[in-house]
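Written out below as structure tokens is the structure these notes cover.
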Ligand SMILES: Nc1ncnc2c1ncn2[C@@H]1O[C@H](COP(=O)(O)OP(=O)(O)OP(=O)(O)O)[C@@H](O)[C@H]1O
Ligand SMILES: [Mg+2]
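Numbering (the working numbering), first residue to last: 2 to 268.
Here you go:
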């Protein structure tokens, strides 16, 4: 089954919020979803309503090669979570070095999960380049880059459009062509926000797969340890449309089997 990662060159743009909602919306339709947290901030568990006191670790025990099934944490949304797990800063750096030298530490268990015909894996990653996401890059079916509708994000869009944002060369380009973009915190009342949406649409064509409006309800939902109800006016509706788009293009739950997204590779 497919592997989707939510990532961004930028921090605080809504990767975890969107990853958690898309995972939960797809699980709500009966799709088996495993959410994998690559971020030592451990934020995905909060969005999925797993309290911090709950034990659970996956990434932080990779070196011990614990079986992935033993690391799954059930969540109310139906999504099963592989948490990063508790870590200290030195251990996090050591893990990054270990993954750079031996990406199979992560790719082996992820390949095992993907071998299950009915499990979709949704990955949440920390901002910027990181060893864990780099290890998974060759396995990715879809890299969803989350950007804000602001000037800082607009500056990155041309690099995404030209497949250069992961660096130069054929290998980087091959991974980059699996990237699609979601603009978050779009505010139709703001001329700059509107201009960035237009610019992204022109530069990216079909690779701009969604926009999520700025909605205080999202931040409040997180504070209340709940998720927005599917289709709730505002961001809830945008997130549902995004989940639909991803589901349709990946052909999840279709008898033909999931697709490799070739149509998104050509703007
Ligand atoms: N569309 C939105 N409208 C309003 N607030 C939002 C929206 N999307 C996300 N937020 C808020 O923005 C903050 C950052 O979101 P989030 O943690 O998902 O970003 P992130 O990209 O995962 O951050 P990091 O880089 O630290 O992992 C959170 O408080 C979240 O509730
Ligand atoms: Mg995050």
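Each residue gets a CB set at the ideal place from its N, CA and C atoms; glycine is no exception.
> Can you tell which of 222, 220, 19 and 65 has its C-alpha closest to the C-alpha of residue 110?
Replying inline: 65
>> Within 10 Å of its beta-carbon, does residue 154 have 16 or more other beta-carbons around it, so buried, or fewer, so exposed?
In response: buried
> What's the gap between the Cα of residue 69 and the Cα of residue 156?
Replying inline: Rounded to whole angstroms, residue 69 to residue 156 spans 39 Å at the Cα level.
>> According to DSSP, residue 209 sits in a beta bridge with which residue or residues?
In response: 182
> Once you ignore the five residues that flank residue 1 on each side, which residues in its own chain have a CB closer than 6 Å to its CB?
Replying inline: It is not possible to answer for residue 1, since the shown part of the chain is limited to 2 through 268.
>> Under 7 Å: does the beta carbon of residue 17 sit that close to some heavy atom of ligand 2?
In response: yes
>> Quick check on residue 38: does DSSP put it in helix, strand or coil?
In response: strand
>> Could you compute how far the alpha carbon of residue 18 sits from the alpha carbon of residue 236?
In response: 11 Å
>> By the three-class DSSP mapping on this structure, what secondary structure does residue 81 have?
In response: strand
> Grouping DSSP H, G and I as helix and E and B as strand, with all else coil, what is residue 156?
Replying inline: coil
> Got a sec: does ligand 1 put a non-hydrogen atom nearer than 7 Å to the Cβ of residue 241?
Replying inline: no
> Who are the Cβ neighbours of residue 210 in its own chain at under 8 Å, not counting the five residues just before and after it?
Replying inline: 145, 181, 182, 183, 243, 246, 247, 250 and 265
>> Within a Cβ cutoff of 8 Å, which residues of the same chain sit near residue 218, ignoring the five residues on either side of it in sequence?
In response: Sequence-distant partners of residue 218 (beyond 5 residues in either direction) whose C-beta falls short of 8 Å from its own C-beta, in its chain, are 229, 233, 235, 236 and 237.
>> For residue 147 and residue 14, which I take to be in contact (beta-carbon distance under 8 Å), what is that distance rounded to the nearest angstrom?
In response: Indeed they touch by this definition, with Cβ atoms about 5 Å apart.
>> Give me the residue from 185, 131, 123 and 82 with the minimum Cα distance to residue 95.
In response: 131
>> Using the three-state DSSP reduction, which class does residue 142 fall into: helix, strand or coil?
In response: If DSSP states are grouped into helix, strand and coil, residue 142 belongs with coil.
>> Please determine whether the Cβ atom of residue 186 lies at a distance below 7 Å from any heavy atom of ligand 2.
In response: no
>> So, with DSSP's three-state summary, where would you put residue 199?
In response: If DSSP states are grouped into helix, strand and coil, residue 199 belongs with the helices.
> Comparing the CB of residue 227 with every heavy atom of ligand 1, is any distance shorter than 7 Å?
Replying inline: no
> Just to confirm, are residue 20 and residue 125 a CB contact at a threshold of 8 Å?
Replying inline: Yes. Within cutoff.
> I think residue 35 touches residue 83, with their Cβ atoms under 8 Å apart; what is that distance to the nearest whole Å?
Replying inline: The Cβ separation is near 6 Å, so the contact holds.
> What is the rounded straight-line gap between the Cα of residue 268 and the Cα of residue 223?
Replying inline: Bear in mind that the predicted position of residue 268 carries a pLDDT of just 42, short of 50, making it too unreliable to give a figure here.
> residue 134: which of 158, 115, 170 and 97 sits nearest, CA to CA?
Replying inline: 97
> Does any heavy atom of ligand 1 sit closer than 7 Å to the C-beta of residue 14?
Replying inline: yes
>> Given the structure, does residue 25 come close to ligand 2, in the sense that its CB is under 7 Å from one of the ligand's heavy atoms?
In response: no
> How far does the beta strand (DSSP E) with residue 63 in it reach, from first residue to last?
Replying inline: It is not in any beta strand (DSSP E) - residue 63 carries neither H nor E in the DSSP assignment.
>> Taking 8 Å as the limit between beta carbons, can you name the residues of its chain near residue 26, skipping five residues before and five after?
In response: Here the set comprises 231, 240, 241 and 244.
> Is it right to say residue 186 is buried, meaning 16 or more other beta carbons lie within 10 angstroms of its own, or is it exposed?
Replying inline: Answer is buried; the Cβ neighbour count reaches 16.
>> Going by C-alpha to C-alpha distance, which of 28, 67, 6 and 31 sits closest to residue 113?
In response: 67
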